[in-house]
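Chemist: Mind looking over this structure? Questions follow.
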Amino acid sequence: MKRLAMYLLYGVGLIVLIYLGVRYSEMLKVTYQSDFNYMPFIFYNALFSVIMGAYLALPQVITQLRKPGAIKYDWLKLLIIGLPALLICFSWVLFLYIPSHELSQHLGIMYFRFGTLGTFMAGVAGGYILLNSLTKVQEEEPFWEKSKILAKIPKILALAIGGVLILYIGLNGIIHPLKLISVQGYVSDAEHYTVMEGQEPPKEINYQFNFQNWPRDKNAGYLFEKDKIRIEPKERLFQLTENSFSMEKEGVRNGSGFSSEGNVFTLTISYRIKPHEIIDPWNVDKVSPELLQEIKEALYDAELVIEEGIKGKRYQLQDFQ
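Position one of the sequence shown corresponds to residue 54 (this note's numbering), numbered consecutively onward.
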């Protein structure tokens with residue numbers, strides 16, 4: 054009867070764990086679809102698979118710990134089976150978080166090889182091994198454990214790998230800081246506008262930025278919409294925006310590519326030019342040639358401001374002219 058009750062309790066706990074875990078995952082999915090910050094969703098799904106694996110190992114671990122003998126942790130099992138499984142499980146999290154091209158490309162390949170289901174199963178296996186490695190030993194120890202030095206090698210290696218990874222992630226912003234490589238400012242015809250025959254399309258200011266080590270978990274479009282990424286006019290450009298025209302947010306275009314020098318992220322920010330003075334009643338957005346020339350000459354009198362995730366970073370565009 055006691056055994057039946059334990060099975061029922063364990064089974065109910067498993068169902069509750071799955072139910073609550075899936076519910077919370079769906080909640081995070083809804084959240085990231087609104088704020089475009091998908092890192093919590095991806096990290097949680099990886100962590101949840103590890104928790105599932107640990108829960109599946111719980112009965113065997115409890116049975117083992119009830120036996121007489123000395124409590125031991127099988128570091129060799131963790132090193133050979135557990136750590137590779139956990140690396141596969143968190144490969145996409147690490148890919149998004151680590152900006153180093155040399156490391157992230159291998160993590161990305163690993164994730165795409167295994168897919169969502171494969172990484173989840175690897176997390177379950179990793180969580181199972183993580184807890185299942187805790188046991189009690191009564192019989193004679195293997196020959197390699199009789200030597201104190203040999204017995205410590207798996208533990209040292211497992212802790213060293215984990216410690217180096219945690220230290221690398223902690224120092225990630227120092228080792229791979231966000232770096233603005235180049236800036237190109239220009240004025241062009243606004244895209245996606247329908248104009249009548251004979252009319253000129255509206256004009257827009259474009260700033261194209263090339264970054265190294267841009268955080269992959271940061272959505273530039275969302276940050277631009279929330280004014281976390283913005284252009285602040287200075288000096289001549291500021292005077293023009295005060296007296297002659299206004300800058301209306303148009304949008305963000307971005308893409309990422311890899312160069313031989315590392316991860317290069319290209320971001321283009323666009324602002325529509327809205328002249329204060331109407332020179333053509335049939336085309337209220339028409340900009341005079343004189344004002345257009347002044348804008349082109351003052352484009353770099355501005356700052357790029359990035360607030361989200363990168364504390365108060367400001368870049369003087371004149372430094373990249």
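All residues carry an ideal CB built from backbone N, CA and C; glycine is no exception.
Values in this document were obtained by computation on a predicted structure and should not be read as measured data.
Are the Cβ atoms of Ala-243 and Ser-323 separated by less than 9 Å?
Modeler: In this structure, Ser-323 lies closer than 9 Å to Ala-243 by Cβ.
Chemist: Below 9 Å between beta carbons: does that hold for Ala-110 and Thr-172?
Modeler: Taking 9 Å as the Cβ cut-off, Ala-110 and Thr-172 do not qualify as a contacting pair.
Chemist: Threshold first: 4 residues or longer. Then list the alpha helix (DSSP H) segments lying entirely within the stretch 143-186, N to C.
Modeler: Counting only runs of 4 or more, we get 144-150 and 154-185.
Chemist: How many Å lie between Gly-310 and Leu-187 at the Cα?
Modeler: Note that Gly-310 scores a pLDDT of 46, beneath 50, so its modelled location is shaky and nothing firm can be said.
Chemist: With a threshold of 8 Å, are at least 3 pairs of Cβ atoms found where one atom belongs to the stretch 229-237 and the other to the stretch 253-262?
Modeler: Enough Cβ pairs lie closer than 8 Å, so yes.
Chemist: May I ask you to list the residues that DSSP assigns as paired with Pro-328?
Modeler: Phe-298.
Chemist: Note down the Cα distance separating Met-300 from Ile-326, rounded to an integer number of angstroms.
Modeler: If I take the Cα positions, the gap works out to 5 Å.
Chemist: Run through DSSP, which three-state label would Pro-112 get?
Modeler: Looking at Pro-112 - three-state DSSP - the assignment turns out to be helix.
Chemist: Give the straight-line distance between the Cα atoms of Ile-141 and Leu-345, rounded to the nearest whole angstrom.
Modeler: Approximately 54 Å, taken between the alpha carbons.
Chemist: Using the Cα positions of Pro-254 and Val-340, report the straight-line distance between them to the nearest angstrom.
Modeler: Rounded to whole angstroms, Pro-254 to Val-340 spans 10 Å at the Cα level.
Chemist: Provide the residue span of the alpha helix (DSSP H) that contains Pro-342, from first to last.
Modeler: It spans 342-350 - the alpha helix (DSSP H) in which Pro-342 sits, taken as one unbroken run.
Chemist: Which residues in the same chain have their Cβ closer than 7 Å to the Cβ of Ile-214, if we skip the five residues on either side of it in sequence?
Modeler: Around Ile-214: Leu-136.
Chemist: Would you say Ala-107 and Leu-183 are within 9 Å of each other, going by their C-beta atoms?
Modeler: A contact, by the Cβ cut-off of 9 Å.
Chemist: Identify the continuous beta strand (DSSP E) that holds Ala-355 and give its terminal residues.
Modeler: It spans 355-359 - the beta strand (DSSP E) in which Ala-355 sits, taken as one unbroken run.
Chemist: Going by other Cβ atoms of all chains shown within 10 Å of its Cβ, with 16 needed for buried, is Leu-412 buried or exposed?
Modeler: Since the first residue shown for the chain is 54 and the last is 374, residue 412 is missing from the structure and cannot be characterised.
Chemist: Do Gly-180 and Ser-40 come within 9 Å of each other at the CB atom, strictly closer than that value?
Modeler: One cannot answer for residue 40 here, as it falls past the ends of the chain, which runs 54 to 374.
Chemist: In the DSSP assignment, find the unbroken beta strand (DSSP E) run with Asp-242 in it and report its ends.
Modeler: It spans 232-242 - the beta strand (DSSP E) in which Asp-242 sits, taken as one unbroken run.
Chemist: Taking 9 Å as the threshold (C-beta atoms), are Gly-64 and Ile-104 in contact?
Modeler: Cβ atoms of Ile-104 and Gly-64: not closer than 9 Å.
Chemist: Name the two residues that bound the continuous beta strand (DSSP E) containing Arg-367.
Modeler: From DSSP, the beta strand (DSSP E) with Arg-367 extends over 366-369.
Chemist: Give a yes or no on whether the C-beta atoms belonging to Ile-348 and Val-240 are separated by under 9 Å.
Modeler: Yes, these two residues count as a Cβ contact at 9 Å.
Chemist: When burial is assigned at 16 or more other CB atoms within 10 Å of the CB, is Leu-149 buried or exposed?
Modeler: Under this definition Leu-149 is a buried residue.
Chemist: By the 10 Å Cβ neighbour count, where 16 or more other Cβ atoms means buried, how is Leu-147 classified, buried or exposed?
Modeler: Buried, by the Cβ-count rule.
Chemist: Here's a check: name, in chain order, each residue in its chain whose Cβ is nearer than 6 Å to the Cβ of Gly-176, leaving out the five neighbours to either side.
Modeler: So the list reads Ala-99, Ser-102, Val-103 and Cys-142, once near-sequence residues are dropped.
Chemist: How far does the alpha helix (DSSP H) with Glu-79 in it reach, from first residue to last?
Modeler: First-last of the alpha helix (DSSP H) with Glu-79: 55-88.
Chemist: Secondary structure at Glu-285, three-state DSSP: helix, strand or coil?
Modeler: Glu-285 falls in the strand class under three-state DSSP.
Chemist: Where Glu-382 and Leu-357 are concerned, what is the direct C-alpha to C-alpha distance, given to the nearest angstrom?
Modeler: Residue 382 lies beyond the range of the chain shown here (54 to 374); nothing can be said about it.
Chemist: Cβ atoms of Lys-189 and Gln-113: under 9 Å apart, would you say?
Modeler: No, these two residues do not count as a Cβ contact at 9 Å.
Chemist: Keeping to the same chain, check which residues put their C-beta closer than 6 Å to that of Tyr-126; ignore five residues upstream and five downstream.
Modeler: Once the five neighbours on either side are set aside, the close Cβ partners of Tyr-126 are Ser-186 and Leu-187.
Chemist: Between Asp-372 and His-229, what straight-line distance do the alpha-carbon atoms span, to the nearest angstrom?
Modeler: Answer to the nearest angstrom: the Cα atoms are 21 Å apart.
Chemist: What three-state label does DSSP hand Arg-306 in the structure shown?
Modeler: Note: Arg-306 maps to strand in three-state DSSP.
Chemist: Is it true that the CB of Lys-281 sits closer than 9 Å to the CB of Ile-227?
Modeler: Not closer than 9 Å, so no.
Chemist: Using the rule of at least 16 other Cβ atoms within 10 Å of the residue's Cβ for burial, across every protein chain shown, is Asn-296 buried or exposed?
Modeler: Asn-296 comes out exposed.
Chemist: Can you tell me the Cβ-Cβ gap for Pro-207 and Trp-145, rounded? I've got them flagged as a contact below 8 Å.
Modeler: The pair is not a contact, with the Cβ atoms about 27 Å apart (cut-off 8 Å).
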